[in-house]
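Quick note on numbering: the sequence shown equals residues 106 to 499 in my numbering. Glycine residues also receive a C-beta, built at the ideal position from the N, C-alpha and C atoms.
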Amino acid sequence: MMSKNYPRGAERIQSFGTTVFTVWTQLAQKYQALNLGQGFPDFSPPEFVREAGRKAMEGYQQYAPLKGLAALRNALAQETAREWGRLVDAETEITVTVGATEAIFAVIQALIDRDDEVILIEPFYDSYPASILMAGGQPRFVPLRPNAAQQWTLDIDELRQAITPRTKALMLNTPHNPTGKCFTAQELHDIAEVCIQHDLLVIADEVYDRLLFDDRKHLSIATLPGMWERTLTIGSAGKTFSVTGWKIGWVLAPPDLTHALQMAQQWIPFSVATPLQAAVADVLQQAQANTYYSDLRAFYQKKRDFFFRVLQEADLNPYPAEGTYFIVADTSAWGFDNDETFCHHLTTQYGVVAIPPSYFFSPQNKHIAHKMARFAFCKEDHILEAAAERLRKK
Ligand SMILES: Cc1ncc(COP(=O)(O)O)c(C=O)c1O
Numbered sequence: 106m107m108s109k110n111y112p113r114g115a116e117r118i119q120s121f122g123t124t125v126f127t128v129w130t131q132l133a134q135k136y137q138a139l140n141l142g143q144g145f146p147d148f149s150p151p152e153f154v155r156e157a158g159r160k161a162m163e164g165y166q167q168y169a170p171l172k173g174l175a176a177l178r179n180a181l182a183q184e185t186a187r188e189w190g191r192l193v194d195a196e197t198e199i200t201v202t203v204g205a206t207e208a209i210f211a212v213i214q215a216l217i218d219r220d221d222e223v224i225l226i227e228p229f230y231d232s233y234p235a236s237i238l239m240a241g242g243q244p245r246f247v248p249l250r251p252n253a254a255q256q257w258t259l260d261i262d263e264l265r266q267a268i269t270p271r272t273k274a275l276m277l278n279t280p281h282n283p284t285g286k287c288f289t290a291q292e293l294h295d296i297a298e299v300c301i302q303h304d305l306l307v308i309a310d311e312v313y314d315r316l317l318f319d320d321r322k323h324l325s326i327a328t329l330p331g332m333w334e335r336t337l338t339i340g341s342a343g344k345t346f347s348v349t350g351w352k353i354g355w356v357l358a359p360p361d362l363t364h365a366l367q368m369a370q371q372w373i374p375f376s377v378a379t380p381l382q383a384a385v386a387d388v389l390q391q392a393q394a395n396t397y398y399s400d401l402r403a404f405y406q407k408k409r410d411f412f413f414r415v416l417q418e419a420d421l422n423p424y425p426a427e428g429t430y431f432i433v434a435d436t437s438a439w440g441f442d443n444d445e446t447f448c449h450h451l452t453t454q455y456g457v458v459a460i461p462p463s464y465f466f467s468p469q470n471k472h473i474a475h476k477m478a479r480f481a482f483c484k485e486d487h488i489l490e491a492a493a494e495r496l497r498k499k
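Now the structure itself:
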């Protein structure tokens, strides 16, 4: 049955609303508010990144191969060898995608049949359920809940209980948007054990793998025993190099899963913008040889520390922000029962936009986020300082 929302649209899109980011970015514009909603850097990428973009634009104008430009796949293989201590085969185990979003869509198209179930740990990145529904699959939700120490925790028994004979895969995002949680080695081992026991595939979204704070080290679930064979690891240049508009992502997976992915990929974008792939190949090689990754961490750690204190001073008690460029705050002290009402108030009365995190929960678990707001601190210092000034008015 057609909904009256999109009368000429297909059934599969009838439940979709406009993304939370579009909605709140429009609101930021309407009220001329500081936009700490959407997670994109509002500053230029470093000069070596822009220069790589300019150079690549001169040299590459035609289609790239389906699996991606060899130079980029080789650079990714080198980086993975260094980070994982594993040789990932650039020919048979790497696919370049149109950012992580298209990687997620293509992976799900390639692996999920009608009525297959996919477990989502919530809060989830909002493209996950949409991609699953478009493939005819069913998302099943398992929540993270904050404990008394404000740590987000996963109840592993609840995860086990969510598995049925139709469960095909689990999606895992670490470092995690929107909470800033980095799953611990113990948690990853527990999740891996469940996935092996129930023969589940894991779609590991690791787009924030370079953004961890306080000397934390990123751990990929694919590197745990018995996991490489069942894991597709998704990365993106967007967050790491402050080029979210380039939309260059990738998937690392064993040959059979890579082959399946490429069967779908060939009919989605077929291939990905060639000059931008060449530019990212160049940038990865330079970043491996210079101090970019540690500089990036220090750069964001400073912003995180600053904004964490700002939230504390504004009685917006922040949850631990271990990674990503987001902080979730507890808004209880401001006396609102609903995160949307709070964020609306903050936008219209204080000129600061945050995102209501209940958008990233299924209907039965939205209540977990009703006294929370998500702030993105990937913004210029003067914007964060201006936001601090406005929040101090409380
Ligand atoms: C968890 C997560 N996955 C995927 C993406 C999308 O990445 P890309 O811009 O490379 O499509 C984002 C972007 O915000 C994200 O936060």
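- Message: Let's test the definition: count the other Cβ atoms within 10 Å of the Cβ of R497 and tell me whether it reaches 16, buried, or not, exposed.
- Response: exposed
**Q.** Contacting residues, own chain, Cβ-Cβ under 7 Å from M106 (five flanking each side not counted)
**A.** Here the model assigns M106 a pLDDT of 41, short of 50, so the residue's position is not dependable and the matter cannot be decided.
C-beta contact flag for D63 and P468 at 7 Å: As shown, the chain starts at 106 and ends at 499. That puts residue 63 outside it, with no answer to give.
Check your understanding: Taking the DSSP output, what are the residues bridged to V201?
Key -> W355
- Query: Nearest-angstrom Cα distance between R178 and A186?
  - Reply: 12 Å
Practice prompt. Please indicate yes or no: does the CB of G173 lie closer than 6 Å to some heavy atom of ligand 1?
Written response: For ligand 1, no non-hydrogen atom lies closer than 6 Å to the CB of G173.
Checklist entry - In whole angstroms, what separates the C-alpha of I118 from that of P244? => result Near 15 Å, if we compare the C-alpha coordinates of P244 and I118.
Practice problem: Kindly indicate which three-state DSSP category S467 falls into: helix, strand or coil? | Solution: If DSSP states are grouped into helix, strand and coil, S467 belongs with coil.
#### Entry: Sheet register partners of M276 (DSSP bridge)
L225 and I308
> Helix or strand or just coil, what does DSSP make of G164?
Replying inline: Here G164 sits in helix by DSSP.
query: Are A161 and A384 closer than 7 Å when you measure CB to CB?
result: yes
For this session: Consult DSSP for S232 and reduce its assignment to one of helix, strand or coil.
Result: helix
Handout entry: Spatial neighbours of Y464 in its chain, beta-carbon cut-off 7 Å, leaving aside the 5 residues before and after
Key = V125 and D231
Consult DSSP for M107 and reduce its assignment to one of helix, strand or coil. Any reading at M107 must be qualified, since the residue scores a pLDDT of 45, below 50, and its modelled position is unreliable; the value itself is stated next. In the structure shown, M107 sits in coil (DSSP, three-state: anything other than H, G, I, E or B).
Q: Return the Cβ separation of T328 and W189 in integer angstroms, given the expectation that the two are a contact with Cβ distance under 8 Å.
A: 5 Å
| Those residues which DSSP pairs with L329 across a bridge | The secondary-structure analysis by DSSP pairs L329 with nothing; it has no beta-bridge partner.
Discussion item. Tell me whether Y230, by its Cβ, gets closer than 6 Å to a heavy atom of ligand 1.
Written reply: yes
With burial defined as no fewer than 16 other Cβ atoms inside 10 Å of the residue's Cβ, what is the status of R113: buried or exposed? exposed
- Query: Where does E116 fall in DSSP's three states?
  - Reply: helix
Q: Below 8 Å on the Cβ atoms is my guess for A205 versus D310; work out the distance and round it to an integer in Å.
A: 6 Å
Taking the DSSP output, what are the residues bridged to L249?
L259
| task | Could you check what DSSP says for F126 in three-state terms: helix, strand or coil? | result | helix
Can V388 be considered in contact with ligand 1, in the sense that its beta carbon sits closer than 6 Å to one or more heavy atoms? no
Practice task
Decide if K322 is buried, meaning its Cβ has at least 16 other Cβ atoms within 10 Å, or exposed.
Solution key: exposed
Problem - Proximity to A157 [Cα-Cα], best of L381, V457 and I473 - result: L381
To the nearest angstrom, how far is the alpha carbon of P505 from that of I209?
Residue 505 falls outside the range modelled here, since the chain spans only 106 to 499, and no answer is possible.
Cβ-based neighbour list, A176, same chain, cut-off 7 Å, excluding 5 preceding and 5 following: Within the same chain, A176 has close Cβ partners A383 and A386.
#### Entry: In DSSP terms, what L139 is bridged to
Beta bridge pairing from DSSP links L139 with V457.
What I want to know is whether the C-beta of A211 ends up closer than 6 Å to one or more non-hydrogen atoms of ligand 1. no
Are there 16 or more other CB atoms within 10 angstroms of the CB of I237, so buried, or fewer, so exposed?
buried
Mapping DSSP to helix, strand and coil, what is G158?
helix
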